[in-house]
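Residue numbers (my numbering), protein chains in the order written: chain A, 6 to 130; chain B, 6 to 130. For reference, the structure is listed below as structure tokens.
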DNA sequence: CTGCATCCCCACGGATACTG
DNA sequence: CAGTATCCGTGGGGATGCAG
């Protein structure tokens, strides 16, 4: 099984779209229920309005999210996942599960590695 | 279920580590079998030696990959996944599967969206 | 409230050349 | 072969201000 384009291309395509800093967080947020613009802003405290708008547009463009404007005063906008967006939740949940199970181990590995490197560095002085 | 730290934190941690441009591709490559440095270089044609080294180091640091040096002339180095690295393959495969099933739909959605936008833009002239 | 425009910074990562 | 070192461009994304 050569991976030069079988797996690689599809993952890369997906990663280029949802592999950015915010897309997945937004998908997960909308996965819980529909949200208004400022609700997402509050749920993901460190995203800027600029990036939220932009990422939401991209998700909409890719058919992952739906944007629904209510002509109230002041106007309100609801965002929700499309079917495709919902379906992304499944693999995402696997990833989250993996993350929960492995963060600790990764952190230990990292600490151990850094400890080793520090020793090496001091030897080199 | 509030997500302000239940899901978000763990995903963010993972994403910050493997969400970069190359990590996942390398994990997938090593998932097929162990590889030497230049083998990976050939499998992922557009990665630079600089980034390959760096990403490999990070994966090693996080306990995802193993680095094994053979003192031959010239020296050779084998990289392989650790158990943790292997375990990441599972959620990754889900993601790849999702990607394969949905790239087409996403592309259509994107084209449709762009077509709509183009119309809107010309109306605005 | 929602969202677009502008300015600006910095770190991600490419190209290249050098070492063990 | 497997890196390391340096230099440098690009663009992702933050801050801010304005508009419907």
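Just so it is clear, CB atoms sit at the ideal spot from N, CA and C, and this is done for glycine as well.
| Check | Outcome |
| --- | --- |
| Is the beta carbon of residue 36/A sitting closer than 8 Å to the one on residue 100/A? | no |
| So what does DSSP say about residue 110/B, is it helix, strand or coil? | helix |
| Would you tell me roughly how many angstroms separate the C-alpha atoms of residue 45/B and residue 14/A, rounded to the nearest one? | 16 Å |
| In angstroms with no decimal places, state the Cα-to-Cα distance between residue 69/A and residue 27/A. | 14 Å |
| Across the segment 110-118 of chain A and the segment 49-68 of chain A, are there enough close Cβ pairs to call them in contact, namely three or more that are closer than 8 Å? | no |
| Taking a Cβ distance cut-off of 9 Å, strictly less, list which residues of the segment 90-118 of chain A are near chain B, in chain order. | 92, 93, 95, 96, 97, 98, 99, 100, 101, 102, 103, 104, 105, 106, 107, 108, 110, 111, 112, 113, 114, 115, 117 and 118 |
| With distance defined between alpha-carbon atoms, name the residue in 76/B, 19/B, 107/B and 80/B nearest to residue 88/A. | 107/B |
| Please work out which residues of its chain come closer than 8 Å, Cβ to Cβ, to residue 94/A, disregarding the five sequence neighbours upstream and downstream, and give them in chain order. | 32, 33, 36 and 86 |
| Under 8 Å, Cβ to Cβ, is there at least one residue of chain A near residue 39/B? | no |
| Please list, in chain order, the chain A residues whose beta carbon lies closer than 7 Å to that of residue 15/B. | 101, 104, 105 and 108 |
| Among 98/A, 120/A, 121/A and 125/A, which residue has its Cα nearest to the Cα of residue 29/A? | 98/A |
| Buried or exposed: where does residue 48/A fall if 16 or more other Cβ atoms within 10 Å of its Cβ makes it buried? | buried |
| Residue 112/B to residue 16/A, Cα distance in whole Å? | 14 Å |
| Could you check where the alpha helix (DSSP H) with residue 43/B kicks off and where it finishes? | 42-48 |
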